[in-house]
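Undergrad:
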Amino acid sequence: MHSLDPSPASDIDHVNQQLQAWGKLNPFCLPQPLLEALTPRLRPLASQLPSRDALKLTTEDDVESPGFGCLVCEASFDEPNAQRAHFRSDWHRYNLKRGRRGGPLKEPEFFAIIDALEDSLSGSEDESDSSSDEDEHKKLEQEEEQENIVTSMQQRSPLVWFTAPAVLGEEVQFGIYRCILPRSFNSRHMVVEQDEDQERIGVLEELSGLQCAPASSSKAVVEDGRSMRTWTMLMVSGGHFAGMVVSTRPELRHVGKGKAPEQEMVILEHKTFHRYTTRRKQGGGQAAHDTGGKGMAKSAGANLRRYNEQALTEEIRALLASWSEALRSSELIFIRASKANSKIFFNYDQALLFRTDPRLRTLPFPTRRPTLNELKRSFQELTRVQITRLTKQELEAADELYLASLLPPKPAPPKPQPAKKVAPVKPQVDPAEQRLQDRWERVMDMVQKGRLGALQDFVAKHAEANNPDWTGLLPAFLAERMHVASVLHVAAMAEQADVVEWLLVERRCDPTSVLAQEVEGGPRTRTMTAYEVAGGRGTRNVFRRVMAGHPEWCDWVGAARVPSGLTEELEAQQSAKGKDRKQRLKEKLRERDKAREEAEAREKEQAELKEREEEQRKRTTETSAGKRGPQRLGGPAAVLSKPPEALGLTPEQRARLERERRARAAEARMKT
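Residue 434 in UniProt numbering sits at position 434 of the sequence shown, and the numbers go up by one each step.
(1) Contact between the region 587 to 606 and the region 565 to 579: three or more CB pairs below 8 Å?
(2) Whole angstroms are fine: how far does the CA of residue 261 sit from the CA of residue 71?
(3) Can you tell me the Cα-Cα spacing of residue 229 and residue 107, whole angstroms?
(4) Does the region 568 to 585 come into contact with the region 530 to 540, if we say contact requires no fewer than three beta-carbon pairs (one atom in each stretch) closer than 8 Å?
(5) Is residue 348 buried or exposed, if buried means 16 or more other CB atoms sit within 10 Å of its CB?
(6) Buried or exposed: where does residue 429 fall if 16 or more other Cβ atoms within 10 Å of its Cβ makes it buried?
(7) Note the first and the last residue of the continuous alpha helix (DSSP H) segment covering residue 235.
(8) Reducing DSSP to helix, strand and coil, say where residue 175 ends up.
(9) Please tell me whether residue 335 and residue 360 are closer than 9 Å, where the distance is taken between their beta carbons.
(10) Per DSSP, which residues does residue 271 bridge with? Please list them.
(11) Going by other Cβ atoms of all chains shown within 10 Å of its Cβ, with 16 needed for buried, is residue 416 buried or exposed?
(12) Can you check DSSP and say which residues form a bridge with residue 344?
(13) Mapping DSSP to helix, strand and coil, what is residue 575?
(14) Kindly indicate which three-state DSSP category residue 338 falls into: helix, strand or coil?
(15) Is there contact between the region 435 to 450 and the region 469 to 486, where contact requires at least three CB pairs shorter than 8 Å?
(16) Return the Cβ separation of residue 40 and residue 162 in integer angstroms, given the expectation that the two are a contact with Cβ distance under 8 Å.
(17) Alpha carbon to alpha carbon, how far is residue 400 from residue 394?
(18) Helix, strand or coil: which one does DSSP assign to residue 417?
(19) Taking just the CA atoms, how far does residue 339 sit from residue 384?
(20) Given residue 171, which residues of its chain have a CB within under 6 Å of its CB, disregarding the five upstream and five downstream residues?
(21) If you compare alpha carbons, which of 245, 265, 244 is closest to residue 253?
(22) Let me make sure I understand the geometry here. Which of 277, 79, 234 has the alpha-carbon closest to that of residue 304?
(23) Residue 544 and residue 557: beta carbons closer than 9 Å?
(24) Quick check: what's the CA-CA separation for residue 274 versus residue 207?
(25) With a 10 Å radius around its C-beta and 16 neighbouring C-beta atoms as the bar for buried, classify residue 243 as buried or exposed.
(26) Any idea what DSSP makes of residue 262, helix, strand or coil?
(27) Go ahead and pull the three-state DSSP assignment for residue 33.
(28) Pick out the complete alpha helix (DSSP H) segments inside the region 532 to 614, 4 residues or longer, and give them in chain order.
(29) Enumerate in chain order the residues of its own chain whose CB-to-CB distance from residue 354 is below 7 Å, with the five nearest sequence positions on each side excluded.
(30) State the Cα-Cα distance for the pair residue 463 and residue 423, rounded to the nearest angstrom.
(31) Which one or two residues does DSSP pair with residue 473 in a beta bridge?
(32) Pick from 248, 321, 241: whose alpha carbon is nearest that of residue 337?
(33) Hey, quick one: how far does the alpha helix (DSSP H) through residue 312 stretch, first residue to last?
(34) To the nearest angstrom, how far is the alpha carbon of residue 87 from that of residue 157?
(35) Hey, out of 316, 611, 248, whose CA is closest to residue 271's CA?
(36) Helix, strand or coil for residue 378? Go by DSSP, reduced to three states.
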């Protein structure tokens, strides 16, 4: 054992050195000085639960004040012993019970109620007093029953925390899983109704009774016989099973000279199985799918998975039967399985495990696929002492946060209902006015599409005295929408020349009309005449022809803004000029095409000539390289015998070749 200074250790270096000297702590092999100094730090039970309004996190000013208080009763004390005594008093318990209904009672008010109860119990004959006392008793009994329900439903952390103020101070905490304590842990009700001091004593006594010295070897662990304490750990999921029987007493393994030995688990039995039972890409076992309401699948894969599920169940139960002695002697049994898979271990003939067995535990942390390595990791996690370093202020804040988490949540404020969208109310239109608007819409459609015959029939049909001029100015709703003044504007914009001519000649529409006002940012068409909004030359020429034929109808140049009239002679001249211009343009295009074709032909001829010269050069080079000794002047006879045109030579090359031929002939004559 390690010797320690009995004075409280507050120095950080000393704490670090001491923790390093102890190494990894096992809850069953704690150093004796640490075990003697351990003090359970229990979280507040439901019986100490304050109201939400009274619950406030500790501020910096509260931390610095040396006093002690009760948030429930709003009382303060000078020392912690008085605070603990208050927590056990009837006044505090009564305020806890009524804390959910209203505010706490002050101490004088509480004792006044007690005195009144004592007077009523002393033999008062007043019927009203006795009935009120009975009502008060019923209320207290109902509140106590409700408090017991809240207490039984409350859950605590899977870890129980200790401090060792005598050796390491208050700022080092040690955590041990509750489930490894056989007696203090209740799997059905994690909160046990007992006095705080009794719980402290019970946890410490049980933890002290579980201590054992590490064995020198695994053989020594097995030789302990009946004194050996073991756990059985079982996992099953997705067709995988892993089981292990392990001793809680570790063995010491020497890792080298000068190094402290390490504690290692001693595995007494282990076994793993695997069967194909999970539906690929869909998840879940075959049995879960069969009972899901969709009926039993009839595929070969489904039948194979059903067979494997049954075989896996039989293999696991056979293994448990072979481990019957180990199961009976196990101190705790840990099972990790889903609700469906847990049926493998219970409720069958010659079953060794029962759901009411107090040794049964579940693992209080998530696990991975059942394997032997995962069992080892889980055992190491269960037998690992967790060490944290929190200050007193942080611990108090954590306690208050824990208490706040146990309170029922505040009702969520009602969500504001989105404002209903009110559909815009269409103004009521007089039937006659609506009928008139529909007719105008038909007129606009006929004008824009150039349906002159239909437009003439419509105007003739609705030419009554009470009807508007269908070919004149537009009504207000159309003028504001189309930003023009008259029907003539609409026809000119749509480039309907026939309709424009009919409107000008037959209907004598005014070509000078424009909208009276100009809107800022609006289109320019509001101040333009019908000629100005015309889209094409054909439509504009209609205005010019009518101007030339009827110059007296209006101010064509000033008001209608038509630049000039278009007579038949002028139109013929323009047509002739246009034809001449087109003819000249065609001739230019033909000349350009001809020049382009000639240029392409020359380029093609030059390319072919270059290609022939390149071939001739290659043949000459190859012939020269193939012969040795003197060669005939002017090239080989085969080449010279061919006419110059066949060789593809230029005129200059042919002239030079001819001179060379004549020189050779003269030389031959001189020799003879």
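Where a beta carbon is used, it is the ideal one built from N, C-alpha and C, also for glycine.
TA: Looking at the coordinates:
(1) no
(2) 50 Å
(3) 52 Å
(4) no
(5) exposed
(6) exposed
(7) Counting along the chain, residue 235 falls outside any alpha helix (DSSP H), though it belongs to the beta strand (DSSP E) covering 230 to 237.
(8) strand
(9) yes
(10) 243
(11) exposed
(12) In DSSP, residue 344 forms no bridge with anything.
(13) helix
(14) coil
(15) yes
(16) 6 Å
(17) 10 Å
(18) coil
(19) 28 Å
(20) 389, 391
(21) 265
(22) 277
(23) no
(24) 38 Å
(25) buried
(26) strand
(27) helix
(28) 537 to 549
(29) 346
(30) 39 Å
(31) 486
(32) 241
(33) 300 to 322
(34) 22 Å
(35) 316
(36) helix
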